[in-house]
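Novice: Take this structure, written in structure tokens, and hold onto it; I'll ask about it next.
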Amino acid sequence: MIEDSPFAAAAPVLVPMPAERPYTYAVPAGMRVVPGSIVRVPLGPRQVAGIVWDGVVEKVDAKKLRPIEQVFDCPPIDRAMRHFVDWIAQYTLSPPGMVARMLLRAPEAFDPEPWIEGLQRTLAKPDRMTDARMRVLETAEGGLAWTRSGLAHAAGVSSTVIDGLKAQGVFETVMIPPRPVVAAPDTGYAQPSLMPDQSDAAEMLRSNVAAGIFGVTLLDGVTGSGKTEVYFEAVAAALDRGKQVLILLPEIALTHAFLERFQERFGAKPAQWHSDLPPRMRERVWRQVAEGGVRVVAGARSALFLPFRELGLIVVDEEHDPAYKQEDRVFYNARDMAVVRGHIGGFPVVLASATPSVESRVNASQGRYSRAVLSARFAEAALPDLKTIDMRRAAPARGGFLSPVLLGHMRQTLEKKEQSLLFLNRRGYAPLTLCRVCGHRFGCPVCSAWLVEHRFRGQLVCHHCGHNERRPEACPECGTLDHLVACGPGVERIAEEVVAHFPDARTIVLSSDLMGGVRRLRLELEAIANGEADIVIGTQLVAKGHNFPNMTLVGVVDADLGLANGDPRAAERTFQLLSQVTGRAGRTGKKSLGLLQTFQPDHPVMRAIVSGDAEAFYEREIAERERAGLPPFGRLAGVIVSAATRAESEGHARGLRRAAPQAADLFVLGPAEAPLSLIGGRHRFRLLIQGERRADMQGFIRTMLAEGPKLRGSVRVQVDIDPQSFL
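Numbers 1 to 727, taken from full-length UniProt numbering, label the letters of the sequence shown in order.
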């Protein structure tokens, strides 16, 4: 009992805002809360959902405490998930309330789903029988309850037939519990036929799941080697142990094809979790995950924060993919956090990739992770022959971007009625538009970036802040008509060139920003897989996990594109992307070819890809990282300072630099203007902190922020532990 208070007790509640600690609330007499209870509390003039947290209640004057308004009828957030939230907050230097906010993204799910009104057969008989009524009665035999629309659909009659039978007492109203969002998976539905190395890897994963303890396995297999079928065996083992499973995928575009493969193996689809899911479905998935009804979830990185009741396995597919890094509010890498979640929960984690990250390869070589290798494609399908096209010797025609060598192979592929894929990781028509007369370049008014022409839409677009404007006929600087020129290629421009060379070919452009969104993208991926396109032109979307049976030629339009941006991971990223892209060819056994247009055919990345010697590339890249003290042999963190004016941003960044403590194992680089120094009207400066692997990076940054200048005016500071982007 709290002295001089009508309330029985007090409880710490973590609210979804930038709070560094839980707030204390009074617990009214008769109300029962436990750590993890989801509650509704007053916060200023608003009512918000929060989570009753662990720890000692602060000593607060009882008269100042505001009461918890409601305890939601919802399973509490378990101790492992609460520990996970605290761990992420500590590691990423984020307010715990902002991490908890990711847990509470489905507020309508905190109350139980309402039961549905249904119908059940009685002993009464209709006054007369018709064919339609006979079908309804036959369908409803067995005493099962049906929804009105479901019974009508199953019996092939209109709803008025059902209403007539109900009016005569043939059916009575009953309440039906909410339907599951997906059917339960059946681990024995379709037993796979595995090759020997797949069987060995699958047995390794099954034994890890059976042990029921934490461990990480890197499933490292060439493209087309059947990694998915192997980790499905781990999924089956976890389900047989009564555990829930989370499968992380890097892109929504991958989800549809994955769902089909999962259904073929388990007879039912997994629940989905991603940003494109309708709000009502998100709420139902959240609730049924919390109650344990949903056994498998396939989702994007945010699925890590679903309140699983009995989580027993996490699979991270395409573990190397940069899409797993969130760079907004709470900066985290879902791959690394999945490993932490497994460690806290005491269950195994599987990381799968054809081109593993350097960090994962080093962890495997040093014994922190187990490693299962699939070195051959499924059913002994051959990997594509890979060759470079030296663009200094086989230059495109004037105004073009495709080498005569590549065009010749595309023509041969068309004649064989097989498919070609052209890859260019650049959206739109052209990355820059300028005036031939005065040299004016079209830049974003609020970013230090050029506007990208999207000719299909007739717009100039900034890919950083979303600013767009109509492409003018005349130069806004000098007023000259018809002298604007597009510089460089995007996928739309490559499509234009392809149509000029092959006017009768069926051509599809795949890019994330085309009209129609995810639905259109899925339909086009299905069309390609069904052989309804001859030539596909795409961005990095086409590199990820798709299976195109008739694809026998892959051409990389600009293989050098990722090598010249100053990113310490540039070589690794380029190797991964080009290996994944060329791996789209020949997956069903047909002889296939991958061609890389490059001005640097002797670059180590190009040599590694063409030779197929991935081990040599990894050895070289790992040795370079170790010499430079870069991750995973050292630690990096970025501190990004932004403000409405350049002076504010630079001044605050320099103040932080001066406040940095002295440390033998950590040093600060900068501040310097970020490569993208202006985004959305905000000027950006970066500090980069580098140190030894065991250095206390978080403690160093906490001290720097505490001792540095206080946030004033428009200044904002973001901390990025283990940065993936250096822009």
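Cβ atoms here follow ideal geometry from the backbone N, Cα and C, with glycine treated the same way.
All values derive from a computational prediction rather than experimental measurement.
#1: Which of helix, strand or coil does DSSP assign to residue 369?
#2: Between 238, 386, 265, which lies nearest to residue 555 when the distance is taken from Cα to Cα?
#3: In terms of alpha-carbon separation, which member of 237, 496, 109, 227 lies closest to residue 261?
#4: Would you mind sorting residue 724 into buried or exposed? The rule is 16 or more other CB atoms within 10 Å of its CB.
#5: Using the C-alpha atoms, what's the distance from residue 257 back to residue 519?
#6: So, helix, strand or coil for residue 317, using DSSP?
#7: Which whole-angstrom value describes the C-beta separation of residue 630 and residue 421, a residue pair presumed to lie in contact below a C-beta threshold of 8 Å?
#8: Which one of 691, 158, 665 has the shortest CA to CA distance from residue 625?
#9: Between residue 677 and residue 117, what straight-line distance do the alpha-carbon atoms span, to the nearest angstrom?
#10: Are there three or more Cβ pairs, one per stretch, closer than 8 Å when the segment 356 to 365 is compared with the segment 388 to 395?
#11: Using 7 Å as the threshold, is the C-beta distance between residue 748 and residue 271 below it?
#12: Around the C-beta of residue 530, are 16 or more other C-beta atoms found within 10 angstroms, so that it is buried, or is it exposed?
#13: To the nearest angstrom, how far is the alpha carbon of residue 563 from that of residue 570?
#14: Would you decide whether residue 537 is buried or exposed? Buried here means 16 or more other CB atoms lie within 10 Å of its CB.
#15: Can you give me the Cβ contacts of residue 53 inside the same chain, cut-off strictly under 6 Å, excluding the 5 residues immediately before and after it?
#16: Which same chain residues end up closer than 8 Å to residue 4 when comparing Cβ atoms and leaving out the 5 residues on each side of it in sequence?
#17: Going by beta carbon distance, what residues of the same chain come within less than 7 Å of residue 206, once the five residues before and after it are set aside?
#18: Could you name each continuous alpha helix (DSSP H) segment of 4 residues or more that falls completely within the segment 56 to 97, going from the start of the chain to the end?
#19: With respect to the beta strand (DSSP E) encompassing residue 387, which residues constitute its N-terminal and C-terminal limits?
#20: Taking the alpha-carbon positions, what's the residue 274 to residue 303 distance?
#21: What span of residues does the alpha helix (DSSP H) with residue 279 cover, start to end?
#22: Spatial neighbours of residue 125 within its chain, please: C-beta separation below 8 Å, excluding the five flanking residues on both sides.
#23: Specify, as a first and last residue, the run of the beta strand (DSSP E) that residue 222 falls within.
#24: Below 7 Å between beta carbons: does that hold for residue 450 and residue 432?
#25: In chain order, what residues of the same chain have a beta carbon less than 7 Å from the beta carbon of residue 59, not counting five sequence neighbours either side?
#26: Cutting at 8 Å between CB atoms, please list the residues of its own chain near residue 88, excluding the five before and the five after it.
#27: Does the segment 631 to 645 come close enough to the segment 666 to 685 that 3 or more CB-CB pairs lie under 8 Å?
#28: Leaving aside the five residues before and after residue 107 along the sequence, list all residues of the same chain whose C-beta is less than 6 Å from its C-beta, in chain order.
#29: Excluding sequence positions up to five away, which residues of its chain have a Cβ less than 7 Å from the Cβ of residue 202?
#30: Is DSSP giving residue 120 helix, strand or coil here?
#31: Would you tell me roughly how many angstroms separate the C-alpha atoms of residue 648 and residue 483, rounded to the nearest one?
#32: Report all residues from its chain with a CB closer than 8 Å to the CB of residue 310; omit the five preceding and five following residues, and keep chain order.
#33: Does the structure place the segment 311 to 323 close enough to the segment 347 to 360 that three or more beta carbon pairs sit under 8 Å?
#34: What does a CB cutoff of less than 8 Å around residue 418 pick up in its chain, not counting 5 residues either side in sequence?
Specialist: By the coordinates alone:
#1: coil
#2: The option with the nearest alpha carbon to residue 555 is 386.
#3: The candidate whose alpha carbon is nearest that of residue 261 is 227.
#4: buried
#5: Cα atoms of residue 519 and residue 257: separation of roughly 13 Å, rounded to the nearest angstrom.
#6: strand
#7: Not confirmed; about 33 Å, so no contact.
#8: Of 691, 158, 665, the residue nearest in Cα terms is 691.
#9: 58 Å
#10: no
#11: Outside the displayed range of the chain (1 to 727) lies residue 748, so it cannot be described from this structure.
#12: It counts as exposed.
#13: 5 Å
#14: buried
#15: Close CB contacts of residue 53 within its chain, under the 6 Å cut and outside five residues either way in sequence, are with 12, 14, 22 (chain order).
#16: Note that residue 4 has pLDDT 39, beneath the 50 cutoff, so the model's placement of it is unreliable and the number below is only indicative. If we look at residue 4 and ignore the five residues flanking it on each side, its Cβ neighbours are 62, 63.
#17: Correct list, in chain order: 233, 234, 237.
#18: 79 to 92
#19: 385 to 390
#20: 7 Å
#21: 279 to 291
#22: 170
#23: Residue 222 -> no beta strand (DSSP E), and no H or E assigned at all.
#24: yes
#25: Excluding positions up to five away in sequence, the list is empty.
#26: 94, 99, 330, 332, 337, 340
#27: yes
#28: 49
#29: 194, 230, 233
#30: It is a strand residue.
#31: 39 Å
#32: 242, 243, 244, 292
#33: Yes, the segment 347 to 360 touches the segment 311 to 323.
#34: 550, 551, 552, 553, 590
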